[in-house]
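Engineer: 319 is the number that my numbering gives to position 297 of the sequence shown; each next residue is one higher, with no gaps. Heads up, the beta-carbon is just placed ideally off N, CA and C, and yes, glycines get one too. Please read all numbers here as calculations on a predicted model, not as lab measurements. First the structure, which I've put down as structure tokens, then a few questions once you've had a look.
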Amino acid sequence: GVISLFQLQGLVSISLKKVELSVGESKFFTCTAIGEPVSLEWYNPQGERMVPSSRVALHNEGVRSRLTLYNANVEDAGIYRCQATDAQGQTQEATVVLEIYQKLTFRDVPSPQEFRQGDVAEVVCDVTSSPVPVVAWYYNNIEITEDTEKFQLLPNNNLQVQRVTKADEGIYRCEARVEARGEIDFRDIILVVNVPPVLSVPQLSFNATADYGESVTFTCRAYGSPEPDVTWHRKGVELQESEQYVMRARGTTLTIRNIKQDDGGSYTCKASNKAGEMQQEIFLKVFVQPHITKLRNVTAVEGSAAMISCKAEGEPLPEISWRRASDGHSFSDGDKSPDGRVEVRGRHGESMLTIVGVGLSDWGRFDCEALSRIGGHQKSMFLDIEYAPKFQTNHTIFFSWEGNPVNISCDVMSNPPATMLWRREKLTIPTEGTANMRVHNAPGRSLLEVC
């Protein structure tokens, strides 16, 4: 723009009375004085003499002065004065009115904008201008002209969508207009509705038998938007792919291979996405074949009590029974023999067979059997009876004639084997014999030969 001062004492002519400038633009103004001014100075709308700065440049050349404003902002608006002073101190001035306007500026209009299904969604369109713009919203190319049960136009120019669903997804247009300048601009915003995961688990419990190389597969289908991530957890720890754990179909199936007893228990399927998470427990019951873990041979003294213990493990816990091999008689928990000598008591996987007043008839093998609905296990033990020596013959008088040898035998039963000695009156006959006596020993028998 050009401002002219034709004579310092004459009429002042201004070539531009008003200038419009957009925020961020730059402009220069030239002030010309006719005559011989001593100085040309510029004054801002606040009446302050202007000096050069980062956004203000001044260039004087004879009767001309150029003012340049860079990167204008709203605060620069107002009346600028160019004042000429002559040698006598007389002044003349000219003015220019600078109006600043802001073009349509979209400051915060993210796209896409995401919301959780069922929430009240506020679609943001932060647009500014001077004067204030008029904002209109369009959905599927149809203007949203008034508030409805679904849409509300907010005072801050944002659009509110009630109880947003997947059906509300799509492209929304935020259009801004400045009627005074005929300026118009718009932004398209993609609205995305995220749906929390929903799980479908067809089977919540499984059975398997340990140590048979069995496998079991859990299925946990997840639905949601975006597609949920599915993970598996046990005892609070996420399971990782391994030889034991095999995951397929984006984690929606978990196969446990070579099942052991320790694999039994609760497993958690967890699905998560931006909108939330859901989890479901699946229970694995692991059965274990019965196994007898403790059964030992027992030795008892005749007349005492023998206590025979049999321990077994398994899932479910097996029932324990006894069988006496000598007669095939069986005993279960709580059983008692007619004579009251034999009794069975059991608890927590252990059975105790008690025989009071044991005798030689109790000697022999006993079988312990552990049974459950998935199988059985049997082991045997031997009950040995210790007893004092028992003479097997009542033959105490032997006859012979002089000069004829005689054999005297002694048969004895005992456990452990007895040591047999011969005596004549108070004299013990040595085992190696004497001049006319010889001793022959064998298990359970001793023979004294008298020559």
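For Ser61, count neighbouring C-beta atoms within 10 Å of its own C-beta (all shown protein chains included) and say buried if the count is 16 or more, exposed if not.
Structural biologist: Exposed, because fewer than 16 other Cβ atoms sit within 10 Å of the Cβ of Ser61.
Engineer: Within the chosen definition, does the segment 99-119 reach the segment 46-66 through at least 3 CB pairs nearer than 8 Å?
Structural biologist: Enough Cβ pairs lie closer than 8 Å, so yes.
Engineer: Using a threshold of 8 Å, state whether the C-beta atoms of Arg395 and Asp433 are closer than that.
Structural biologist: No, these two residues do not count as a Cβ contact at 8 Å.
Engineer: In or out: Ile25 buried (at least 16 other Cβ within 10 Å) or exposed?
Structural biologist: Note that Ile25 scores 48 on pLDDT, short of 50, meaning its location in the model is unreliable and no value can be drawn from it.
Engineer: Does the segment 306-318 come into contact with the segment 211-230, if we say contact requires no fewer than three beta-carbon pairs (one atom in each stretch) closer than 8 Å?
Structural biologist: In short, these stretches touch, since the Cβ pair count reaches three.
Engineer: Am I right that Cys12 and Cys242 are in contact with their C-beta atoms under 8 Å? What's the rounded C-beta distance?
Structural biologist: As shown, the chain starts at 23 and ends at 473. That puts residue 12 outside it, with no answer to give.
Engineer: Under the three-state reduction of DSSP, which class applies to Ser383: helix, strand or coil?
Structural biologist: If DSSP states are grouped into helix, strand and coil, Ser383 belongs with the helices.
Engineer: For Gln174, which residues of its own chain have a beta-carbon under 6 Å away from its beta-carbon, when the five flanking residues on both sides are left out?
Structural biologist: So the qualifying residues of the chain are Gln182.
Engineer: Give a yes or no on whether the C-beta atoms belonging to Leu382 and Ile407 are separated by under 8 Å.
Structural biologist: Against a cut-off of 8 Å, the Cβ pair of Ile407 and Leu382 comes out as a contact.
Engineer: Looking only at C-alpha atoms, which of Gln124, Ala116, Ser75 sits nearest to Ser44?
Structural biologist: Checking every option, the nearest Cα to that of Ser44 belongs to Gln124.
Engineer: Give the straight-line distance between the Cα atoms of Val223 and Asn216, rounded to the nearest whole angstrom.
Structural biologist: Distance between the alpha carbons of Val223 and Asn216: 22 Å.
Engineer: Reducing DSSP to helix, strand and coil, say where Glu477 ends up.
Structural biologist: What the structure shows of the chain is the stretch from 23 to 473, and residue 477 is not part of that stretch, so it cannot be assessed.
Engineer: Tell me which same chain residues have a C-beta within less than 8 Å of the C-beta of Thr113, skipping the five on either side of it?
Structural biologist: Closer than 8 Å at Cβ, skipping near neighbours: Leu30, Gln105, Ala106, Thr107.
Engineer: Is Gln105 helix, strand or coil by DSSP?
Structural biologist: Of the three classes helix, strand and coil, the one that applies to Gln105 here is strand, per DSSP.
Engineer: Rounded to whole angstroms, what's the CA-CA distance from Phe137 to Val214? Just pull it up for me.
Structural biologist: Their backbone Cα atoms lie some 6 Å apart in a straight line.
Engineer: Roughly how many angstroms lie between the CA atoms of Val472 and Asp384, to the nearest whole one?
Structural biologist: Taking the straight line joining both Cα atoms gives about 40 Å.
Engineer: Report yes if the C-beta distance between Pro219 and Ala293 is below 8 Å; otherwise report no.
Structural biologist: It is a contact, given that the beta carbons lie within the stated cut-off.
Engineer: Hey, would you say the C-beta of Ala410 is under 7 Å away from at least one heavy atom of the ligand NAP?
Structural biologist: By its list of ligands, the structure shown contains no ligand whatsoever, and the ligand NAP lies outside what it can speak to.
Engineer: Please return the same chain residues whose Cβ sits closer than 6 Å to the Cβ of Thr453, not counting the five positions on each side in sequence.
Structural biologist: Excluding sequence neighbours, Thr453 sits near Val461.
Engineer: For Thr274, I'd like the list of residues in its chain whose CB is within less than 8 Å of its CB, leaving aside the five on either flank, ordered along the chain.
Structural biologist: Thr241, Cys242, Arg243, Ala244, Val252.
Engineer: If you count every other CB in all the chains shown that lies within 10 Å of the CB of Leu27, and 16 or more means buried, which is it?
Structural biologist: Any reading at Leu27 needs caution, since the residue's pLDDT is 43, under 50, leaving its predicted position unreliable; the model's value is listed next. By the 10 Å Cβ count, Leu27 comes out buried.
Engineer: Select from Glu391, Met403, Thr441, Asn295 the residue whose C-alpha is nearest the C-alpha of Pro411.
Structural biologist: Per the Cα distances, Thr441.
Engineer: Do Ile342 and Ala392 have their CB atoms nearer than 8 Å?
Structural biologist: Yes; because the gap between Cβ atoms is below 8 Å, this pair is in contact.
Engineer: Please report the distance separating the alpha-carbon of Asn162 from that of Gly192.
Structural biologist: Distance between the alpha carbons of Asn162 and Gly192: 8 Å.
Engineer: Look at the alpha carbon of Leu33 and the alpha carbon of Ala94, and state the distance between them as a whole number of angstroms.
Structural biologist: Reliability of the predicted coordinates at Leu33 is poor, the pLDDT of 38 falling under 50, and no value is obtained from them.
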